[in-house]
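One structure below.
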Amino acid sequence: YLPLPLSSLSLCTSFSPSISLSFSLSLFIATMRDLKRKDKLVEAAGDAYGKTLSLAVLDVCTDESVKQCINGIKDRHVDVLINNAGIGLVGPVESISIAEMKSVFETNFFGVIRMIKEVMPDMKKRKRGHIIVVSSVMGLQGVVFNDVYAASKFAMEGFCECLAVQLLKFNVTMSMIEPGPVHTEFESKMIQDVRQKEFPGADADTVNYFKNVYLPSSVDIFETLGQTPDDIARCTKKVIEQGSSARFRNLTNPLYTPIVALKYADETGGLSVHAFYHMLFNLGPLMHVSMKAMQYLTCGCLRSRTISPN
1 YLPLPLSSLS
11 LCTSFSPSIS
21 LSFSLSLFIA
31 TMRDLKRKDK
41 LVEAAGDAYG
51 KTLSLAVLDV
61 CTDESVKQCI
71 NGIKDRHVDV
81 LINNAGIGLV
91 GPVESISIAE
101 MKSVFETNFF
111 GVIRMIKEVM
121 PDMKKRKRGH
131 IIVVSSVMGL
141 QGVVFNDVYA
151 ASKFAMEGFC
161 ECLAVQLLKF
171 NVTMSMIEPG
181 PVHTEFESKM
191 IQDVRQKEFP
201 GADADTVNYF
211 KNVYLPSSVD
221 IFETLGQTPD
231 DIARCTKKVI
241 EQGSSARFRN
251 LTNPLYTPIV
261 ALKYADETGG
271 LSVHAFYHML
281 FNLGPLMHVS
291 MKAMQYLTCG
301 CLRSRTISPN
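Under my numbering, think of the first position of the sequence shown as 1, with each following residue one higher.
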């Protein structure tokens, strides 16, 4: 068994120092596929490591690893499951193989399902528990050249929305955390890599739009609207502290609400599609100015669904 006494115990998929260290006063198990990468977290954890914070090996892409991880917890007792594991993928869809698409869904969708299926029966039996899924605003509003990533998040949102209804009967809470852009080393490296990448199968115009229109605009959005991993960790902690009163959907960034609001303002979807088209292709050179203007706009109907990190 992991060296933690049985109390209110949170399990978080994927290595995340920000989320892990936000729960220094709780019993917390952080997971990663390779414990050789643990040094950064152990150093930051200080005295909490081995007392309130423990580490476990977990690969959400395999049934065996998920089962071994949960079996390693005393009585398989998990009070709060935080599904944080996820991978991104951007680029022209013509150049993305089916294998690459399946890999994204394996982590972002099926990985979440594996974890939920493993802990849910015990939560239902105890009639107590909280399942938290770190989703994305792209599970609500698709973004150009993020086709596969958005699809994986849409699938996850639909799955969890269905399951949330059933779980209420068992006094188990389901919550979605929906960040917008988040500044991470992974995100920065991904943007740098795709700038140099070739995109076989995609026509020259599409590659040009992706590299010379979308990528610069994406950088502007991250610089202007981006949050930090610490922000998301604080939002997640708030949702956990709310317990059974936590909302199902929790946007983390009020600055992003005008973009999401476009979808809800027109049920046909035309408004958001055309607005994104004009923002990207007509206002591309002015995207930085457009994003600055977004800082002064909020949507009241969606602001009430936003949970502030402050």
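Where is the CB? At the ideal position from N, CA and C, for every residue including glycine.
Straight across, the Cα-Cα distance linking Tyr209 with Met120 is about 44 Å.
With a beta-carbon spacing of about 6 Å, Met115 and Val66 fall inside the 8 Å limit used to define contacts.
For Val172, the pairing in a beta bridge is given by DSSP as Gly129.
Between Thr252 and Ile221, the C-beta gap is not smaller than 7 Å, which leaves the two residues out of contact. Annotation: the continuous beta strand (DSSP E) that includes Ala30 extends over 27–32.
Setting aside the 5 residues that flank it on each side, Val42 is surrounded in the same chain by Tyr49, each with a C-beta closer than 7 Å to its C-beta; the list follows chain order. For the options Ile113, Asp122, Val148, the alpha carbon positioned closest to that of Glu100 is the one of Val148. For the 7 Å CB-CB criterion, Gly139 and Asn108 do not form a contact. If you check the CB distance, Cys61 and Glu118 do not come in under 7 Å. Proximity of the region 195–205 to the region 157–166 falls short of the contact definition, fewer than three beta-carbon pairs being nearer than 8 Å. Partner residues in a beta bridge of Arg76, as assigned by DSSP, do not exist.
The Cβ neighbour count for Gly158, taken over all protein chains shown within 10 Å, is under 16; the residue is labelled exposed.
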